[in-house]
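Right, one structure below, let's go through it.
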């Protein structure tokens, strides 16, 4: 079952693309443009795995909504233009799981959502792409039911590609997420690992290179 | 050297010199007085002695006495009257003397005829020697009286000592008093400098106490008025800095929101395979947001460069109204709001383009606040331009803030209508550049009236 995410954001242009991306990544969601609306809706429907809250909302601001989220045990990520440290500290101290400052990269938002869901144990642990199934729990990969041996970094790369299938993942982003920001090797490392994955899992057609950007696992 | 020490030293020196000179003079005068008094006494005694000696000699002697007899008689007579320290000479030869010293060494005793007196120091004793001559029985006698006046000198030196002690004591007391007085007088200066230091440390509200009416009090007063001016200036600067910071903070926020959606939509278009209608929507949003950013930049530019291309002259009002109608026709039609203009014949001092921009902003605001079908009225009379609507109105507690940059009463509603939150801020800047003021009267749900009040012709000066 897909994770369900509450989005409270008053700017429709921003909530629009957040909704699009949540949808393409396979999340379900509900968008509220007014804090008070969200507060009214919650008692009736609080089956959310995560909430993305803008701080400056009409009706009821994000910090106030936080109390309700705690009551219903919904982890919160603030998504706000308030970049000052005191707001950040207040947000995190009040119990938010994370704090993202606008403007942000979409993929960064998605990765942070994933990290929070993983932390609270609500992330899907088994991913499937055609006849490839991977289990994040015991870090195993099977192709048509047969176990395939992958190096740890190859496994992480495959997991990320599968989680964000049909989305182009820039090389820099992959390097950051899998190898870490202090990795000194160049983006060629990514190319080598992608080539290994193609060979081991027979993904020559599906794992596409997108010129100048990165790679995409395409389910078409 | 500290000022109090300097003044104290100078005063002490002056005191010492004055008292020293005066007391020296006084001592000299009184010594002379004592000595001359002593000499007078001795002289009187001497005169007595001389006249008694002369009388007795005249009484007993005869002119035909031999030299030896005369000498014996003289010795006899002299002995009757003399004290122990007198000397008698007859024709230059000493007849009687029981001095332990030879007065001839101190005095020219042989100097007959001219009585003289003098002071001398013989074997450590001070003496005064008085002499006189007399001619009796055709012999020349000289009589000298030698008086020991050591005790007079002793008295004088004792007087000098006593005097010195008293004067030194007085001077010391005087110095202490002077220092105390100077320190007391310097107290306000110290207080003043304490205040100055505190102000230098940034306590601009600090004032120096004005305790006296003298020069220092005056200085403190002057200093306080200077501190007041500095404080006002610093506060003004702080105010400006704070406003600027608020403005930049607001600006950043205003830019961030559209930028976030442009970046977000662009990334989504770039990295995902969107269905065609969703992709088109995203593009449309990007376009809208960019247009909005452009509008924001335009207004900002106007706000910043306003003062540079200002050209104020008397312009007739009617063409301005016409231009406002033309400039707002499209938006008014979209919102279904009617514009009514009422204007006289007059002229107003203005930069036509800027005033047009101000009024279009006001009409824009008025029409945003109105519901479709309502009428907004723009009228001019005297030196006033007035914009009246019958729309939503502004809550009283927000009235003072509506002219701040980026302040919006109903943010989401305003944003939906393309508001940047800069309209009234810009209007205020334009009005200020004209020397005019903006006054807003509003009642919730009854409408808002905004007045631009131009200054009188005479009082207006180009800022």
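Protein chains in written order, with the working numbering: chain A, 156 to 375; chain B, 2 to 464. From the three backbone atoms N, C-alpha and C, an ideal C-beta is built for every residue, glycine too.
query                                                                                                                                                                                : result
Would you say residue 250/A faces chain B, with C-beta separation under 8 Å as the test?                                                                                             : no
Just curious, the alpha helix (DSSP H) that residue 42/B is in, first and last residue?                                                                                              : 4-61
When we look at the beta-carbon of residue 187/A and count the other beta-carbons within 10 Å, is it buried (16 or more) or exposed?                                                 : buried
For my contact list, residue 272/A and residue 265/A are in at a C-beta cut-off of 8 Å; report their separation, rounded to the angstrom.                                            : So it is not a contact: roughly 11 Å between Cβ atoms.
Hey, is residue 245/B's beta-carbon within less than 8 Å of any beta-carbon in chain A?                                                                                              : no
Say whether chain B places a C-beta atom closer than 8 Å to the C-beta of residue 260/A.                                                                                             : yes
Closer than 8 Å, CB to CB, is residue 269/A near chain B or not?                                                                                                                     : no
As an exercise, report each continuous beta strand (DSSP E) stretch of at least 3 residues that is fully enclosed by the segment 212-261 of chain A, in chain order.                 : 231-235 and 253-256
Go ahead and pull the three-state DSSP assignment for residue 388/B.                                                                                                                 : strand
Residues in the segment 275-309 of chain A with C-beta within 8 Å of chain B's C-beta atoms, listed in sequence order?                                                               : none
Tell me the residue span of the alpha helix (DSSP H) that contains residue 214/B.                                                                                                    : It is not in any alpha helix (DSSP H) - residue 214/B carries neither H nor E in the DSSP assignment.
Alpha carbon to alpha carbon, how far is residue 326/B from residue 164/A?                                                                                                           : 37 Å
Considering just the uninterrupted stretch of the beta strand (DSSP E) at residue 155/B, what are its terminal residues?                                                             : Careful: residue 155/B lies outside any beta strand (DSSP E), inside the alpha helix (DSSP H) at 151-201.
Which of the three DSSP states is assigned to residue 301/B in this structure?                                                                                                       : helix
Give a yes or no on whether 8 Å exceeds the smallest Cβ distance from residue 323/A to chain B.                                                                                      : yes
Tell me, please, whether the CB atom of residue 399/B is closer than 8 Å to any CB atom in chain A?                                                                                  : no
For residue 43/B, is the classification buried or exposed, using 16 other Cβ atoms within 10 angstroms of its Cβ as the cut-off for buried?                                          : buried
Where does residue 148/B land, buried or exposed, given buried means 16+ other C-beta within 10 angstroms?                                                                           : buried
Give me, in chain order, the residues of the same chain whose beta-carbon lies closer than 6 Å to that of residue 71/B; leave out the 5 immediate sequence neighbours on both sides. : 138 and 140
Counting only runs that start and end within the segment 353-427 of chain B, where is the beta strand (DSSP E) found for 3 or more residues in a row?                                : 376-382 and 385-389
Chain B beta carbons: is any one of them nearer than 8 Å to that of residue 168/A?                                                                                                   : yes
Using the beta-carbon count (16 or more within 10 Å), is residue 189/B buried or exposed?                                                                                            : buried
Could you compute how far the alpha carbon of residue 34/B sits from the alpha carbon of residue 41/B?                                                                               : 10 Å
So is residue 251/B in contact with chain A if we call contact Cβ pairs under 8 Å?                                                                                                   : no
Which residues in the same chain have their Cβ closer than 8 Å to the Cβ of residue 409/B, if we skip the five residues on either side of it in sequence?                            : 415, 416, 420 and 422
Mind listing the chain A neighbours of residue 260/B? Cutoff is C-beta to C-beta under 7 Å, in chain order.                                                                          : 258
As an exercise, report each continuous alpha helix (DSSP H) stretch of at least 4 residues that is fully enclosed by the segment 304-369 of chain A, in chain order.                 : 307-318, 326-329 and 343-356
In three-state DSSP terms, what is residue 204/B?                                                                                                                                    : coil
Is any beta-carbon of chain B found at less than 8 Å from that of residue 331/A?                                                                                                     : no
Check the Cβ-Cβ distances between residue 232/A and every residue of chain B, and say whether any is below 8 Å.                                                                      : no
Reducing DSSP to helix, strand and coil, say where residue 91/B ends up.                                                                                                             : strand
Report the CB separation of residue 217/A from residue 208/A in whole angstroms; it is logged as a contact under 8 Å.                                                                : 4 Å
Thinking C-beta only, is residue 356/A closer than 8 Å to residue 288/A?                                                                                                             : no
Taking Cβ positions, are residue 320/A and residue 262/A nearer each other than 8 Å?                                                                                                 : no
DSSP three-state call for residue 301/A: helix, strand or coil?                                                                                                                      : strand
List the residues of chain B that residue 173/A touches, going by C-beta distances under 8 Å, in chain order.                                                                        : 265
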